[in-house]
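Numbering (our numbering), first residue to last: 13 to 171. From the three backbone atoms N, C-alpha and C, an ideal C-beta is built for every residue, glycine too. Each remark here refers to the structure printed beneath this line.
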């Protein structure tokens with residue numbers, strides 16, 4: 013099942029220290045954070061040099077978060093060299109999300125996710141030869157860990 017949605021979760025940003033989320037929708041909550049704001053930030057690191065850039069596409073399918081970029085972008089090359097990543101998203105009134113994991117570069121999402129990613133990037137002004145353009149690159153968040161945070165605490169999200 014593909015979810016690429018935007019809605020209000022009711023999270024108010026107040027975090028209890030070390031209290032796991034009671035929401036059975038951990039990945040859905042992460043997706044909601046990533047899709048409820050215009051852009052969020054993905055960090056990579058190669059040769060001890062961190063690099064942060066804006067991202068804005070995320071989809072959930074069959075229990076995996078998927079992201080889209082292009083093989084021509086530095087982020088793809090960096091993930092190929094070091095698949096560790098961290099993303100952060102601040103949703104006003106809800107606190108911020110921190111997502112850590114490893115980029116799964118070998119798998120491929122469904123045609124539905126590829127189509128959604130392609131259309132999203134086209135909407136940003138990027139141009140590709142359709143959803144199956146080999147320049148489009150999709151990666152998943154493997155071994156993800158996530159927290160919803162405010163200035164006082166990090167609340168783990170059960171994924």
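- In this structure, the CA atom of residue 133 is about 12 Å from the CA atom of residue 147.
- Excluding sequence positions up to five before and after residue 151, its CB lies within less than 7 Å of the CB of 79, 91, 115, 116, 117, all in the same chain and listed in chain order.
- Distance from the CA atom of residue 163 to the CA atom of residue 139, rounded to whole angstroms, is 39 Å.
- Short of 7 Å from the beta carbon of residue 60, and not among the five residues preceding or following it, lies no beta carbon of its own chain.
- For residue 155, the CB contacts under 6 Å within the same chain, skipping 5 residues up- and downstream, are 113, 114 in chain order.
- A distance below 8 Å separates the beta carbons of residue 99 and residue 52.
- Look at residue 81 here: in three-state DSSP terms it is strand.
- Of the residues 42, 167, 65, the one whose Cα lies closest to the Cα of residue 81 is 65.
- Listed in chain order, the beta strand (DSSP E) runs fully inside the region 135-169 are 148-161, 166-169, counting runs of at least 3 residues.
- When the beta-carbon positions are compared, residue 42 and residue 111 come within less than 8 Å of each other.
- Measuring C-alpha to C-alpha distances from residue 89 to each of 73, 137, 57, 45 identifies 57 as the nearest.
- Residue 46 counts as buried, since at least 16 other C-beta atoms from the protein chains shown sit within 10 angstroms of its C-beta.
- In the structure shown, the three-state DSSP call for residue 129 is helix.
- Our two residues, residue 124 and residue 84, have alpha carbons roughly 22 Å apart in a direct line.
- Taking the Cα positions, residue 127 is about 10 Å away from residue 121.
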